[in-house]
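Worksheet: the structure to be examined is printed underneath.
Protein chains: 2
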Amino acid sequence: MEKVKVLLVEDDPNLGSLLKEYLEAKGFSTVLATNGKQGYDVFSKDKFNICILDVMMPIKDGFTLAKEIRAIDANVPVVFLTAKSMKEDTIEGFNAGADDYITKPFSMEELLVRIKAILRRTDNKPSLQSEQSEFKIGNYKFDYKHQTLEIKGTQQKLTTKEADLLKLLCLNANDILDRNFALKSIWHDDNYFSGRSMDVYIAKLRKYLKEDSSVELINVHGKGFKLLTGK
Amino acid sequence: MEKVKVLLVEDDPNLGSLLKEYLEAKGFSTVLATNGKQGYDVFSKDKFNICILDVMMPIKDGFTLAKEIRAIDANVPVVFLTAKSMKEDTIEGFNAGADDYITKPFSMEELLVRIKAILRRTDNKPSLQSEQSEFKIGNYKFDYKHQTLEIKGTQQKLTTKEADLLKLLCLNANDILDRNFALKSIWHDDNYFSGRSMDVYIAKLRKYLKEDSSVELINVHGKGFKLLTGK
DNA sequence: AAGGTGACTTAACATAATTTAACACATGTG
DNA sequence: CACATGTGTTAAATTATGTTAAGTCACCTT
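Residue numbers (this note's numbering), protein chains in the order written: chain A, 1 to 231; chain B, 1001 to 1231.
See below:
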């Protein structure tokens, strides 16, 4: 079971580190940013399951940050923290796409249960994938939906991960598939072990694909992989 | 787009009818029950998209009602309304599976935006409560209401669980049916044994469905199952 | 109350999917 | 070219699923 990743953006360093410690103790992997700009930078480079944003922050406020975050990932849940308790702000927060809006002071336990309530509704994500399901790779025919790879009448059944990875490669055929991008897409994580796991799958795909010598699955050192399709 | 159906259970008749009117003005179809027992009766006879329950009610309190409702539909969102603001109650509410917990007094507008926030996350999930009863699966004809599966004139009688599971698969045809979602929907539980039980039913369905080779019931490792219906 | 039946669950064992470990080799850097 | 780091590959370990059969329970029959 992979850890849930939380992006916490809070300009009060005391509260921020307190919450971070608490959430980590509860089993969440938490990244703390202390202002909106930093929060955006962190989010744009990594993948998170939920964002907890302080509303009032210098440089960039929580609402603005939320919009930018949603521009990157329209589905990530966002929770606002705020000292304001005026109705208009609550409404504005929800209109900015909030999943919850918590007024300070709050108990950490309440924050926790509210986070859990939101995650209950989002963890089984519909994973909206691109529609395309059939690909040609040299003389191979790859059917993502049916998870099959066919050549000269021989059909190879693929596992879910094999199919996911091959699909990403096809969508970037003859172009580089970024390593971390692939890891985040398929493994939802880019740690060392996920990376090694992906390498194992690359090796498996190479085996499947060696019937057509014009097809190559090459590595671009430090960057990712490239599927070279025949001619 | 059908109207969203709201079950509102509130023993204060003034507040109850006020909220009902407000929600209906906002485009929701709302049924008001004035006590827990009545709320249960209404829910068991109809399908709702969300339940808003007062916690403190005579006869049957909101938490108890929520548990009974969840036994019928483990996925329906529940929001608690309460005058209590003690932390323990909030926590208890969320542990009872609450999606939100709103403390009186609250503005109706805030209730509205909180409802919308929850519905954003639950909208498009086909559920067992769906009215649809007849499905085509490749060359098969599946009648949920009569619990029959027919092909080439041969009719197979299905048990309740077989039919429930097949219906969920049909509602998600060619798309993934999340394992835990299915378990909660049909078994009202997602422990190890329920999971194994479901696997047994998957095996049974596969047997029934092997008359049409274009129909496949495949596993998506760690996620769920996918019913591939021949184009 | 004994026996039977059907639906569902649990057990048991088999196989598959994925991750982790282990070791070999490659690449780029100073 | 010595080193750190990244990748290739195979195999073992772990976890998830496939499948069949045995067990349980509610209900029906006599």
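Cβ atoms here follow ideal geometry from the backbone N, Cα and C, with glycine treated the same way.
In this text, all values refer to a predicted model and were calculated from it rather than measured experimentally.
- Between Thr1090/B and Asn1174/B, the gap from beta carbon to beta carbon reaches 8 Å or more.
- Collapsing the DSSP output to three states places Lys152/A in coil.
- When C-alpha distances from Glu1010/B are compared across Lys1104/B, Gly1027/B, Glu1162/B and Ala1203/B, the shortest belongs to Lys1104/B.
- With respect to chain A, the C-beta atom of Arg1196/B has no partner C-beta closer than 8 Å.
- Inside the segment 39-105 of chain A, DSSP marks whole beta strand (DSSP E) runs of 3 or more residues at positions 50-54, 78-82 and 100-103, from first to last along the chain.
- Below 8 Å, enough C-beta pairs join the segment 1163-1183 of chain B and the segment 1196-1216 of chain B to call them touching: three or more.
- As the crow flies, the alpha-carbon of Asp1178/B is around 14 Å from that of Thr160/A.
- In the structure shown, Gly1138/B falls within a coil segment according to DSSP collapsed to helix, strand and coil.
- Under a criterion of Cβ atoms nearer than 8 Å, no residue of chain B is adjacent to Glu150/A; the nearest Cβ is some 15 Å distant.
- Burial is judged here by how many other beta carbons sit within 10 angstroms of a residue's own beta carbon; Asp41/A has fewer than 16 and is exposed.
- Within the model, the alpha-carbon separation for His1188/B versus Ser1107/B is close to 34 Å.
- Within the model, the alpha-carbon separation for Ala74/A versus Gln1156/B is close to 44 Å.
- In chain order, Thr1090, Ile1091, Gly1093, Phe1094, Asn1095, Ala1098 and Tyr1101 make up the part of chain B whose C-beta sits under 9 Å from the C-beta of Val113/A.
- Taking a Cβ-Cβ cut-off of 8 Å, Gln38/A has no neighbours in chain B, whose nearest Cβ is about 26 Å from it.
- Note that the segment 28-40 of chain A touches the segment 6-20 of chain A; at least 3 beta-carbon pairs, one per stretch, sit closer than 8 Å.
- Under the 8 Å criterion on CB atoms, Ile1052/B is classed as non-interfacial with respect to chain A.
- Among the bridge pairs identified by DSSP, Ile1115/B is matched with none.
- Taking all protein chains shown into account, Phe1193/B has fewer than 16 neighbouring C-beta atoms within 10 Å of its C-beta and is therefore exposed.
- Looking at the backbone, the Cα of Asp100/A and that of Leu65/A are separated by about 15 Å.
- One Cα belongs to Asp1212/B, the other to Leu227/A, and the distance between them is close to 35 Å.
- Residue burial is scored here from C-beta neighbours: Val1078/B has at least 16 other C-beta atoms within 10 angstroms and is therefore classed as buried.
- Straight across, the Cα-Cα distance linking Gly36/A with Leu1205/B is about 52 Å.
- The Cβ-Cβ distance between Leu165/A and Gln147/A does not fall below 8 Å.
- Nothing from the segment 204-219 of chain A brings a Cβ to less than 8 Å from some Cβ of chain B.
- For Ala1066/B, no CB of chain A lies under 8 Å from its own CB, so it is not counted at the interface with that chain.
- Ranked by Cα distance from Leu1015/B, the options Ile1176/B, Leu1111/B, Phe1142/B and Asn1191/B are led by Leu1111/B.
- When secondary structure is reduced to three states using DSSP, Ala1033/B falls in the strand class.
- By the 16-neighbour rule on beta-carbons within 10 angstroms, Val220/A is exposed.
- Taking each of Met56/A, Leu169/A, Asn49/A and Ile151/A in turn and checking the Cα distance to Leu119/A, the smallest one comes out for Asn49/A.
- Taking the C-beta atoms as reference points, Gly39/A is found no nearer than 8 Å to Leu81/A.
- Taken in chain order, the members of the segment 138-172 of chain A whose beta-carbon sits within less than 8 Å of a beta-carbon on chain B are Lys145, His146, Gln147, Thr159, Thr160 and Lys161.
- When the five nearest sequence neighbours on each side are left out, the beta carbons in the same chain lying within less than 7 Å of the beta carbon of Gly97/A are those of Ala66, Arg70 and Val78, in order along the chain.
- Secondary structure at Lys1003/B: coil, using DSSP grouped into helix, strand and coil.
- The residue from Glu92/A, Gln132/A and Lys152/A with its alpha-carbon nearest to that of Lys167/A is Gln132/A.
- At least one CB atom of chain A sits nearer than 8 Å to the CB of Ala1117/B.
- For Lys1060/B, the CB contacts under 7 Å within the same chain, skipping 5 residues up- and downstream, are Asn1035, Gly1036 and Lys1037 in chain order.
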